[in-house]
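A.B. asks: When you read off a place in the sequence shown, starting at 1, and then add 586, the result is the number in the working numbering. Cβ atoms here follow ideal geometry from the backbone N, Cα and C, with glycine treated the same way. Here the structure is a predicted model, which is why all the values come from computation and not from measurement.
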Amino acid sequence: MNRYLLLCIACISCTEVAESGLTAQSYGRIQFGQPLATAEKILDEKIVMAANSDPACHYVSFAAYPNVRFMVENGVVTRGELQAGQSLGVGIADSLESAKAKHPDVYIQPHKYDPNGHYLILKSSDAKFAVVMEEAGGKITKIRGGIEPSVEYVEGCL
Numbered sequence: 587m588n589r590y591l592l593l594c595i596a597c598i599s600c601t602e603v604a605e606s607g608l609t610a611q612s613y614g615r616i617q618f619g620q621p622l623a624t625a626e627k628i629l630d631e632k633i634v635m636a637a638n639s640d641p642a643c644h645y646v647s648f649a650a651y652p653n654v655r656f657m658v659e660n661g662v663v664t665r666g667e668l669q670a671g672q673s674l675g676v677g678i679a680d681s682l683e684s685a686k687a688k689h690p691d692v693y694i695q696p697h698k699y700d701p702n703g704h705y706l707i708l709k710s711s712d713a714k715f716a717v718v719m720e721e722a723g724g725k726i727t728k729i730r731g732g733i734e735p736s737v738e739y740v741e742g743c744l
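(1) Excluding the 5 residues preceding and the 5 following Leu668 in the sequence, name in chain order all residues of the same chain whose CB lies nearer than 6 Å to its CB.
(2) What number of angstroms, rounded off, separates the C-alpha of Ser684 from the C-alpha of Pro701?
(3) Quick one: is the Cβ of Pro696 within less than 7 Å of any heavy atom of the ligand SAM?
(4) What does Phe656 pair with, by DSSP beta-bridge criteria?
(5) Report back the beta-carbon spacing between Gly732 and Gly677 to the nearest angstrom; my notes put them in contact at under 8 Å.
(6) Note down, in chain order, each residue of its chain lying with its Cβ closer than 6 Å to the Cβ of Gly742, except the 5 sequence neighbours on either side.
(7) Between the region 612-621 and the region 655-665, can you find at least three pairs of beta-carbon atoms closer than 8 Å?
(8) On a Cα-Cα basis, can you pick out the residue from Val718, Gly723, Ile726, Ala722 that is closest to Val740?
(9) Assuming Ala716 contacts Val737 under a Cβ cut-off of 8 Å, what Cβ separation, rounded to an integer in Å, is found between them?
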């Protein structure tokens, strides 16, 4: 009986971890490209926008996913930005070399503001989605996933 209970708890934990990973198309149960209202229903959470939020582009967070913030453009969830954790086997603070070793086909381009930094871009097969990792000083500093071109906006919402 005790072994069965422990196994069930372990399975629940594994499911939660697997469910909440960032990909080019989604984070957990949130699909990039779906209306914010749909995401709210799926997670059973209602987002209250700040009075000064711009409906054209703003960020929201869900209690169910405390380590990510979501960009919402005109009512549609377009990208997720990790605050902690990893995507596709690469985590914040991992080395550039480690990320390149895990994804040898990654597209690398110069950083817009850091002359020594880079963007590592992994596009979906249809090129409609991507995971973008920012690197500075040889370390991954930011990771985001979402719809093109939103996922590649350097400044996020302006």
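C.D. replies: On the basis of the coordinates in this document:
(1) If you number the sequence shown from 1, residue 668 lands on position 82. Only Leu608, Val654, Ile729 meet the Cβ criterion.
(2) On the sequence shown, residue 684 is found 98 positions in, with the first residue counted as 1. On the sequence shown, residue 701 is found 115 positions in, with the first residue counted as 1. Approximately 21 Å between the Cα atoms of the pair.
(3) What this structure holds is no ligand at all, so the ligand SAM is not there to describe.
(4) Looking up residue 656 in the sequence shown gives position 70. BP columns for Phe656 point to Val646, Gly666.
(5) Taking the first residue of the sequence shown as 1, we reach residue 732 at position 146. Taking the first residue of the sequence shown as 1, we reach residue 677 at position 91. 18 Å between Cβ atoms; not a contact.
(6) For the purposes of this step, residue 742 is taken as residue 156 along the sequence shown, with counting starting at 1. Excluding sequence positions up to five before and after Gly742, its CB lies less than 6 Å from no other CB in the same chain.
(7) Yes, since at least three Cβ pairs between the region 655-665 and the region 612-621 fall closer than 8 Å, the two stretches touch.
(8) Here the question's residue 740 lines up with position 154 in the sequence shown. Here the closest residue by C-alpha is Val718.
(9) What you label residue 716 is simply residue 130 of the sequence shown in a count that begins at 1. What you label residue 737 is simply residue 151 of the sequence shown in a count that begins at 1. About 5 Å; that satisfies the 8 Å criterion.
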